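The sequence shown finishes on residue 248 if you use the working numbering, and the numbering steps up by one all the way, no holes.
Ideal Cβ placement from N, Cα and C applies to all residues, glycine included.
These figures come from a predicted structure and were not determined experimentally.
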Amino acid sequence: MNSVFVTGTDTDVGKTRISVAIIELLQRQGKRVAAMKPIASGCELTIDGLRNDDALQLSQQANVDLPYQLINPYAFEPAIAPHIAAEQVETAIKLALIKQNFDLIQQQSDAVVVEGAGGWLVPLNQTETMADLAISLDLPVILVVDIRLGCINHALLTVKAIESTGLKLQGWIANNLGHNPESIEIVETLTQRIWAPCLGYVPRLEAHESAADYLVLN
Ligand SMILES: Nc1ncnc2c1ncn2[C@@H]1O[C@H](COP(=O)(O)OP(=O)(O)O)[C@@H](O)[C@H]1O
Ligand SMILES: [Mg+2]
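Have a look at this one:
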């Protein structure tokens, strides 16, 4: 496995935590691994400009040194839907710019792990969504599912939407196992209904623990 697009059933489901683990696993294979968080809201204003915690976590794990703007070209301060945040500062999110950055990053690395924002159909502007970003980068997709009440519907809808793009669903990851008392039954249900492989069963981890040892990338 090389470059991937990491999406999730929702915001706060573990996309960043799992992306960091995927970077770590690819590095164990001796690869130069870069990361991208192309669009981020909820950024902090620093003396260097707007900075997003996800982008910082990903680049901290990555072993290709890149300027921040290349990793996160669209950074918005309020923690709101990206297209609304973009409108508020009269910015248009352009997929062509993200693709240009991605190509530059790809040239300097063996693999690029790209984290989306929110879920699969989050709007980016009037006409495009996060799905169009994955299509424009032409990447296989990994879906992170937070195993909680409601996730079956969210996961199956997202799988359908990914399939409809023609992109490859590389696999899905069951995250936060054990947090919900029906975790095992939920995972069984998803396994029966999602044809793509489950690439990891990740339990609820301590803050310092990595999810890497729970993933099997093929
Ligand atoms: N398996 C896990 N065990 C414990 N905490 C987790 C796990 N997965 C995610 N988290 C925590 O949940 C929060 C949301 O995860 P994050 O990766 O930031 O989600 P997303 O990127 O989808 O918004 C973070 O504080 C993260 O450390
Ligand atoms: Mg995140």
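From the options, pick the residue whose C-alpha is nearest to that of residue i; which is it?
{"i": "residue 163", "options": "136, 139, 129 and 180", "result": "129"}
{"i": "residue 245", "options": "37, 33, 56 and 35", "result": "56"}
{"i": "residue 66", "options": "165, 122, 142 and 94", "result": "142"}
{"i": "residue 58", "options": "93, 34, 82 and 76", "result": "93"}
{"i": "residue 98", "options": "76, 117, 116 and 118", "result": "76"}
{"i": "residue 116", "options": "84, 156 and 145", "result": "156"}
{"i": "residue 203", "options": "32, 37 and 31", "result": "37"}
{"i": "residue 172", "options": "158, 211, 152 and 197", "result": "197"}
{"i": "residue 50", "options": "121, 31, 201 and 144", "result": "144"}
{"i": "residue 74", "options": "52, 61, 60 and 102", "result": "102"}
{"i": "residue 235", "options": "209, 52, 140 and 118", "result": "209"}
{"i": "residue 82", "options": "107, 61 and 35", "result": "107"}
{"i": "residue 140", "options": "35, 230 and 60", "result": "60"}
Just to confirm the assignment, what range does the beta strand (DSSP E) spanning residue i have?
{"i": "residue 228", "result": "228–233"}
{"i": "residue 74", "result": "74–76"}
{"i": "residue 81", "result": "79–81"}
{"i": "residue 37", "result": "34–38"}
{"i": "residue 176", "result": "171–176"}
{"i": "residue 66", "result": "63–66"}
{"i": "residue 200", "result": "199–207"}
{"i": "residue 142", "result": "141–145"}
Between which two residues does the alpha helix (DSSP H) holding residue i run?
{"i": "residue 132", "result": "125–137"}
{"i": "residue 50", "result": "45–58"}
{"i": "residue 167", "result": "160–167"}
{"i": "residue 183", "result": "181–195"}
{"i": "residue 118", "result": "112–118"}
{"i": "residue 222", "result": "213–223"}
{"i": "residue 100", "result": "98–101"}
Just to confirm, is the Cβ distance from residue i to residue j under 8 angstroms?
{"i": "residue 80", "j": "residue 105", "result": "yes"}
{"i": "residue 192", "j": "residue 225", "result": "no"}
{"i": "residue 182", "j": "residue 207", "result": "no"}
{"i": "residue 41", "j": "residue 87", "result": "no"}
{"i": "residue 189", "j": "residue 199", "result": "yes"}
{"i": "residue 35", "j": "residue 169", "result": "yes"}
{"i": "residue 187", "j": "residue 158", "result": "no"}
Kindly list the residues whose CB is nearer than 8 angstroms to the CB of residue i, restricted to its own chain and excluding five residues on each side of it in sequence; keep chain order.
{"i": "residue 96", "result": "64, 89, 135 and 138"}
{"i": "residue 185", "result": "39, 173, 175, 202, 220 and 224"}
{"i": "residue 217", "result": "177, 204, 207, 228 and 231"}
Cutting at 7 angstroms between CB atoms, please list the residues of its own chain near residue i, excluding the five before and the five after it.
{"i": "residue 54", "result": "91, 240 and 242"}
{"i": "residue 100", "result": "131, 134 and 135"}
{"i": "residue 205", "result": "43, 44, 48, 174, 175, 176, 177 and 232"}
{"i": "residue 69", "result": "104, 112, 123, 147 and 154"}
{"i": "residue 165", "result": "195 and 197"}
{"i": "residue 32", "result": "140 and 141"}
{"i": "residue 84", "result": "46, 67, 70 and 145"}
Give me, in chain order, the residues of the same chain whose beta-carbon lies closer than 6 angstroms to that of residue i; leave out the 5 immediate sequence neighbours on both sides.
{"i": "residue 109", "result": "71 and 72"}
{"i": "residue 213", "result": "177 and 207"}
Using a Cβ-Cβ distance cut-off of 8 angstroms, determine whether residue i contacts chain C.
{"i": "residue 216", "result": "The displayed structure is made up of one protein chain only, and chain C is not part of it."}
Just checking residue i against ligand 3 - is the residue's beta carbon closer than 7 angstroms to any of the ligand's heavy atoms?
{"i": "residue 38", "result": "In the structure shown, ligand 3 is absent; the only ligands present are ligand 1 and ligand 2."}
*asked:* Give the residues whose C-beta lies closer than 6 angstroms to at least one heavy atom of ligand 2, in chain order.
replied: Listed along the chain, these residues meet the criterion: 45, 46, 84 and 145.
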